[in-house]
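K.L.:
My questions all concern the structure below.
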Amino acid sequence: MPVHFSLSEYHQRLQRTVAAIKQADFDGLLLFAPESHYYLTGYDTFGFAMFQCLVVTADGRIELLTRLPDLRQAQQTSIIADENIHIWTEVEGANPAEDLQRLLTKTGLTGGNLGIETRTAGLTAYNGNLINLALKDTVRLTEATQLMQGLRREKSKQEIAYHRRAAELSDDALDAAIETTRPGAFEGDILAAMQGAVFKGGGSYAGNEFIIGSGDTALLCRYHSGPRHLDSTDQLTLEWSGAQFRYQAAMMRTLIVGEANEKQRSMHRAAVEALVSCEEAIRPGKPMGDVYQAHAHVFDRHGLKEARMQACGYGMGAVFNPIWVDFPMFYEGNPLIMNTGNVYFLHMILMDNDTNQAMCWGHSVLVTQNGVERLSRSPLDLIVI
């Protein structure tokens, strides 16, 4: 059975969740985020694209409502007992929210106050409306997305070990990219080498597509279809992550093909300075907004205010598609306190529209008692090929 933690660790997670449920004065939780399903039970599927819900009660019971294609997925990847896996019927006119209502009645939650996760790709607005209609006379629903996010943010020793391995795979992918990149190289070959390095190392798909862009598209922060061949003088922006049992450690680099000009070198110096400044701002007990301010201060001092972003990173975890962001981000004024055991991705993104040049530098870090540990082994030197 491909479950990647001990039963003892899953039990501890459930106990922490039950304590949080009681502290919030809930009778239970309706969990729609695949990250929450994975965290509590190991349940590993992209079936969250359809209707499925994990019900957790204040006395520690777990019930899963899902589709038939995910029955065996739940049986083989999770610790959920067979009798606690419930299948909603797919016929014309089916309404899985009504199946959920019947499950809540069976579970004894009628009339209760339930927390519900809504900020997730696992619950569309359409299905949310079905739930509100089906449950309006059955239970009281209260927004509770942050409850599980807060629990997942504090990593165990085993989770940190998986993040470390993910970082090693990210470094391997960068090595593969550097080896493959040259004038005339095909972006598709570069991506294949990077993803192949992760797979060959025992890793898996990350929480979103690897991002690649060269020439004008080196200034994009998103993947786009249509790979191209590199010019003899070019810029190549990459953002990617290794993944070990869904745990990730993202990285970002802009590689220079040909000869780097002085503008690119100065942007690189600023990006590395900002990255180090952000690392120095990460301390247990300090707010995430401090990290953003460190990033902004360095770039603004270098005259790059118009080229920088309004955020400079975010949490890392076992996060599913469509993006690997474990919210919230490092943005101005973010009051969330950083703690020992948190893992973050720091990205210093510079997109200079005036010169059409990019310089992006980033890697993942672990918050320690004394500050921060850089998870990547890769140097911060400018990469010129």
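By the numbering used here, the letter at position 165 of the sequence shown is numbered 152, and the numbering carries on one by one without gaps.
Each residue gets a CB set at the ideal place from its N, CA and C atoms; glycine is no exception.
Nothing here was measured: the structure is a model prediction, and the numbers come from that model.
1. Report the option in L156, G183 and N248 whose CA atom is closest to the CA atom of A386.
2. Can you have a look at Y234 and say buried or exposed, based on whether 16 or more other CB atoms are within 10 angstroms of its CB?
3. By the DSSP assignment, the beta strand (DSSP E) with N100 in it spans what residues?
4. Count Cβ pairs between the stretch 295 to 312 and the stretch 115 to 134 that sit closer than 8 angstroms; are there 3 or more?
5. Within the continuous beta strand (DSSP E) that includes D339, where are the two ends?
6. So, is F197 buried or exposed, given that buried needs 16 or more other C-beta atoms within 10 angstroms?
7. Below 6 angstroms CB to CB, which residues in the same chain sit around A172 once its five sequence neighbours on both sides are set aside?
8. Give me the residue from G109, L323, G245 and T97 with the minimum Cα distance to P170.
9. Within 10 Å of its beta-carbon, does Q(-1) have 16 or more other beta-carbons around it, so buried, or fewer, so exposed?
10. Is the stretch 9 to 19 close to the stretch 39 to 50, with three or more CB pairs under 8 angstroms?
11. Can you name the start and end residues of the alpha helix (DSSP H) that P83 belongs to?
12. Which first and last residues belong to the alpha helix (DSSP H) in which I199 is found?
13. Sort out for me which residues DSSP pairs L242 with in a bridge.
14. Which two residues bound the contiguous beta strand (DSSP E) that contains T132?
15. When you compare each of F38, L120, H(-9) and G34 to S65 by their alpha carbons, which one comes out closest?
16. Please look up how many angstroms separate the CB atoms of R139 and Y26, rounded, as I've assumed it's under 8 angstroms.
17. Taking Cβ positions, are Q344 and Q222 nearer each other than 8 angstroms?
18. For Q10, does the count of other Cβ atoms within 10 angstroms reach 16, so buried, or fall short, so exposed?
19. For G189, which of helix, strand or coil comes out of DSSP?
20. By DSSP's criteria, T274 is part of a beta bridge. Which residues make up the other side?
21. Helix, strand or coil: which one does DSSP assign to A45?
22. Between the alpha carbons of L55 and G188, how many angstroms are there, rounded?
23. What are the residues that DSSP puts in a beta bridge with V354?
24. Out of N357, H350, Y(-3) and L369, which one is the CA nearest neighbour of S363?
25. Straight-line CA distance for R89 to D124?
26. Three or more C-beta pairs closer than 8 angstroms, one from the stretch 273 to 285 and one from the stretch 313 to 327: is that the case here?
27. Per DSSP, which one or two residues make a beta bridge with H216?
28. So, does the stretch 305 to 319 touch the stretch 353 to 371, judging by three or more C-beta pairs under 8 angstroms?
29. Mapping the DSSP letters down to three states, classify A68 as helix, strand or coil.
30. Quick test of the definition: if touching needs 3 or more C-beta pairs under 8 angstroms, does the stretch 281 to 292 touch the stretch 253 to 264?
31. Find the nearest neighbour of T204 within the set A68, C347 and R151, judged by alpha-carbon distance.
32. Near A163, which residues of its chain fall below 6 angstroms by C-beta distance, leaving aside the five closest residues on each side in sequence?
33. Find the nearest neighbour of E226 within the set F232, Y210, P214 and M303, judged by alpha-carbon distance.
34. Between the beta-carbon of E266 and the beta-carbon of V354, is there less than 8 angstroms?
35. Buried or exposed: which applies to V78, given that a residue is buried once 16 or more other Cβ atoms fall within 10 Å of its Cβ?
36. Are there 16 or more other CB atoms within 10 angstroms of the CB of L91, so buried, or fewer, so exposed?
P.N.:
So, from the data block:
1. Limits of the chain in this structure are -12 at one end and 372 at the other, which puts residue 386 out of reach.
2. Numbered from its first residue, the sequence shown carries residue 234 at position 247. Flag for Y234 reads buried.
3. Here the question's residue 100 lines up with position 113 in the sequence shown. Run containing N100: N100 to I103, per the beta strand (DSSP E) assignment.
4. They do not touch, by the three-pair rule.
5. Taking the sequence shown and counting its residues from 1, one reaches residue 339 at position 352. Run containing D339: V330 to D339, per the beta strand (DSSP E) assignment.
6. Counting from one through the sequence shown, the residue named residue 197 turns up at place 210. Around the beta-carbon of F197, 16 or more other beta-carbon atoms lie within 10 Å, marking it buried.
7. Numbered from its first residue, the sequence shown carries residue 172 at position 185. Answer for A172: L217, listed in chain order.
8. In the sequence shown, counting from the first residue as 1, residue 170 sits at position 183. Nearest of G109, L323, G245 and T97 to P170, Cα basis: G245.
9. In the sequence shown, the residue the question calls residue -1 occupies position 12. Answer is exposed; the Cβ neighbour count stays below 16.
10. Output reads yes: the stretch 39 to 50 touches the stretch 9 to 19.
11. Here the question's residue 83 lines up with position 96 in the sequence shown. Counting along the chain, the alpha helix (DSSP H) containing P83 begins and ends at P83 to T94.
12. What you label residue 199 is simply residue 212 of the sequence shown in a count that begins at 1. For I199, there is no enclosing alpha helix (DSSP H); the enclosing beta strand (DSSP E) covers residues I198 to S201.
13. What you label residue 242 is simply residue 255 of the sequence shown in a count that begins at 1. The beta-bridge partner set that DSSP reports for L242 consists of L223.
14. Within the sequence shown, residue 132 is the residue found at index 145, counting from 1. Where T132 is concerned, there is no enclosing beta strand (DSSP E), although the alpha helix (DSSP H) it sits in stretches over T132 to R140.
15. Mapped onto the sequence shown, residue 65 falls at position 78. Minimum Cα-Cα distance from S65 among the listed residues F38, L120, H(-9) and G34 corresponds to H(-9).
16. Position 152 of the sequence shown, counting from 1, holds the residue named residue 139. Position 39 of the sequence shown, counting from 1, holds the residue named residue 26. Between the beta-carbon of R139 and that of Y26 there is about 5 angstroms, and that keeps the pair under the 8 angstroms contact cut.
17. The residue given as residue 344 occupies position 357 in the sequence shown. The residue given as residue 222 occupies position 235 in the sequence shown. Taking C-beta atoms as the reference points, Q344 and Q222 count as a pair closer than 8 angstroms.
18. Within the sequence shown, the letter at position 23 stands for residue 10. Burial call: exposed.
19. The residue given as residue 189 occupies position 202 in the sequence shown. Shown here, G189 sits in coil according to DSSP, grouped into three states, outside any helix or strand.
20. On the sequence shown, residue 274 is found 287 positions in, with the first residue counted as 1. A small fix is needed here, since residue 274 is Pro in this sequence, not Thr. P274 is bridged by DSSP to I324.
21. Along the sequence shown, one-based indexing puts residue 45 at 58. Assigned with DSSP and collapsed to three states, A45 falls in coil, not helix or strand.
22. Numbered from its first residue, the sequence shown carries residue 55 at position 68. Numbered from its first residue, the sequence shown carries residue 188 at position 201. Answer to the nearest angstrom: the Cα atoms are 32 angstroms apart.
23. Reading the sequence shown from its first residue, position 367 is the one you call residue 354. Answer by DSSP bridge pairing, in chain order: V359.
24. Here residue 363 corresponds to residue number 376 of the sequence shown, with the count starting at 1. S363 has its Cα closest to that of H350, out of N357, H350, Y(-3) and L369.
25. Within the sequence shown, the letter at position 102 stands for residue 89. Within the sequence shown, the letter at position 137 stands for residue 124. One C-alpha to the other measures close to 12 angstroms.
26. Yes: the two stretches touch, three or more of their Cβ pairs being nearer than 8 angstroms.
27. Taking the first residue of the sequence shown as position 1, residue 216 is located at position 229. Residue pairing for H216: DSSP places it in a beta bridge opposite F173.
28. By the Cβ criterion, the stretch 305 to 319 is not in contact with the stretch 353 to 371, since fewer than three pairs of Cβ atoms, one from each stretch, lie closer than 8 angstroms.
29. As a first step, residue 68 must be located in the sequence shown, where it is residue number 81. If DSSP states are grouped into helix, strand and coil, A68 belongs with coil.
30. Because the criterion of three Cβ pairs below 8 angstroms is met, the stretch 281 to 292 and the stretch 253 to 264 touch.
31. For the purposes of this step, residue 204 is taken as the residue at position 217 of the sequence shown. For the residues A68, C347 and R151, the minimum Cα distance to T204 belongs to C347.
32. Position 176 of the sequence shown holds residue 163. So the list reads A180, M181 and A184, once near-sequence residues are dropped.
33. Indexing the sequence shown from 1 puts residue 226 at position 239. Nearest of F232, Y210, P214 and M303 to E226, Cα basis: Y210.
34. Here residue 266 refers to the residue found at position 279 of the sequence shown. Here residue 354 refers to the residue found at position 367 of the sequence shown. Note that the C-beta distance between E266 and V354 is not below 8 angstroms.
35. As a working note, residue 78 is residue 91 in the sequence shown. By the neighbour-count rule (16 or more Cβ atoms within 10 Å), V78 is not buried but exposed.
36. Working through the sequence shown from its first residue, we reach residue 91 at position 104. It is buried - the Cβ of L91 has at least 16 other Cβ atoms within 10 Å.
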